[in-house]
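Undergrad: To convert, take the position in the sequence shown, counting from 1, and add 9; that gives this note's numbering. Got a structure for you, written out below as structure tokens; questions coming shortly.
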Amino acid sequence: MSNKLSQLKAFTTIVADTGDIAAIKEYMPEDATTNPSLMLKAAQIPEYAPFIDQAITWAKAQSDDMNQQIIDASDKLAVIVGAEILKTVPGRISTEVDARLSFDKDATLAKARKLIALYEEAGVSKDRVLIKAASTWEGIKAAEELEKEGINCNLTLLFSFAQAKACAESGVYLISPFVGRILDWYKKSTGEEYTAETDPGVVSVTEIYNYYKQHGYKTVVMGASFRNIGEIEQLAGCDRLTIAPALLGELEKDTGTLERKLTPVTDVESAPEAITEAEFRWEMNQDAMATEKLSEGIRNFAIDQNKLEEKLAALL
């Protein structure tokens with residue numbers, strides 16, 4: 010009998026949630042995604058030392074200003090690693106915009122365009138890259154402009170229906186709702202334990218998936234940040250799932266039967282009116298979980314970005 014990972018691949022596109030190329034080669038996903046935290050972990054891997062050296066050499070050639078060299082080295086490293094990963098996966102790599110730019114639309118646009126230019130210089134066409142940005146109002150509106158330029162985006166740190174609605178209405182290519190982090194918040198807030206079926210993160214992604222299909226939105230739903238394979242099994246059939254290597258391993262070892270849980274509806278209804286900025290901010294304000302987890306996620310990504318830059322600065 011085939012394992013659950015093989016069964017899952019039959020109706021959901023699997024994405025590796027790691028910057029570890031060896032792990033990606035082992036599980037053969039369609040796509041891969043990285044973020045500052047994963048890049049920081051990847052930078053500790055000895056095999057990545059040549060990539061870091063290459064990024065630093067390139068950055069030094071771009072500017073004499075130390076601060077600019079650090080920024081350039083970080084951007085170049087992300088692209089070098091992304092291009093290397095693309096040698097293994099047939100699909101796309103998601104590369105994240107600096108989390109410290111999450112509330113600056115123009116800076117997000119500039120960084121996204123820079124990353125795409127670096128990929129193109131490396132011989133990677135933009136149709137193999139997804140630009141990741143936090144699902145703030147500014148991030149979503151930046152993505153709306155980038156999509157019109159033919160630069161596809163992955164809106165991450167998504168915790169609320171308001172964020173999902175705004176992304177779909179802005180024509181964002183893909184969203185990454187964070188299943189496990191939603192569960193973390195509710196467990197801490199309520200003190201309760203949840204089954205895979207009642208898991209608040211699973212419930213949230215299921216609602217978003219059904220809403221998108223009901224109204225004919227093309228935005229891809231990619232569940233992320235899983236805590237256990239039970240969450241993954243409950244979202245079998247979701248457009249995509251980005252899964253860490255440890256959980257991919259669990260799925261591969263499990264030879265039980267996997268049932269498809271999410272299926273697109275056949276009757277599509279017209280889309281409702283688009284959410285306004287004021288409505289978006291109010292709905293986020295009313296959702297304590299989404300507000301807290303979005304802020305926390307941005308802060309933590311920024312912390313890891315700083316740590317990565319400190320590592321690079323020490324080598325410049």
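Note that beta-carbon positions come from the ideal geometry of N, C-alpha and C, so glycine has one too. Everything numeric in this text was worked out from a predicted model, so none of it was measured.
Pull up the distance between the alpha-carbon of F217 and that of T275, whole angstroms please.
TA: Correcting the residue identity first, residue 217 is Ile in this sequence and not Phe. Each residue's Cα considered, the two are about 16 Å apart.
Undergrad: May I ask which residues mark the beginning and end of the beta strand (DSSP E) holding S103?
TA: I102 to E105
Undergrad: Applying the criterion that 16 or more other CB atoms from any shown protein chain within 10 Å of the CB defines a buried residue, is V277 buried or exposed?
TA: exposed
Undergrad: On a Cα-Cα basis, can you pick out the residue from I160, F112 and T251 that is closest to K18?
TA: T251
Undergrad: In angstroms, rounded to a whole number, what distance separates the CA positions of E35 and T42?
TA: 16 Å
Undergrad: When you compare the stretch 292-312 with the stretch 177-195, are there three or more beta-carbon pairs, one atom per stretch, that lie closer than 8 Å?
TA: Yes, the stretch 292-312 touches the stretch 177-195.
Undergrad: Start and end of the beta strand (DSSP E) containing V211?
TA: It is not in any beta strand (DSSP E) - V211 instead sits in the alpha helix (DSSP H) that spans P209 to H224.
Undergrad: Going by Cα to Cα distance, which pick from A32, D263, A116 and T66 is closest to E56?
TA: A32
Undergrad: Please state if the CB of T21 and the CB of L47 are separated by a distance shorter than 8 Å.
TA: no
Undergrad: Could you name the residues of the same chain whose beta carbon sits closer than 7 Å to that of E129, not counting the 5 residues immediately before and after it, in chain order?
TA: K135
Undergrad: Could you tell me which of G246, D40 and E105 sits nearest to K270, measuring between CA atoms?
TA: G246
Undergrad: Out of T228, M75, Y226 and E261, which one is the CA nearest neighbour of E242?
TA: Check the Cα spacing between E242 and each of T228, M75, Y226 and E261: the tightest is with E261.
Undergrad: Take S103 and list the residues in its own chain whose beta-carbon comes closer than 6 Å to its own, dropping the five residues that flank it on each side.
TA: T42, L139, K141 and N163
Undergrad: Exposed or buried, which one is I61 when buried takes at least 16 other CB atoms within 10 Å?
TA: buried
Undergrad: Examine the Cβ distances between the stretch 174-185 and the stretch 151-159 and report whether three or more of them are shorter than 8 Å.
TA: The stretch 174-185 is in contact with the stretch 151-159.
Undergrad: Which term fits I54, buried or exposed, when burial requires 16 or more other beta carbons within 10 angstroms of its beta carbon?
TA: exposed
Undergrad: Name the DSSP beta bridge partners of R137, please?
TA: Answer by DSSP bridge pairing: none, since R137 is not bridged.
Undergrad: Cα separation between A51 and G100?
TA: 20 Å
Undergrad: DSSP state of T42, grouped into three classes?
TA: strand
Undergrad: Where does P209 land, buried or exposed, given buried means 16+ other C-beta within 10 angstroms?
TA: buried
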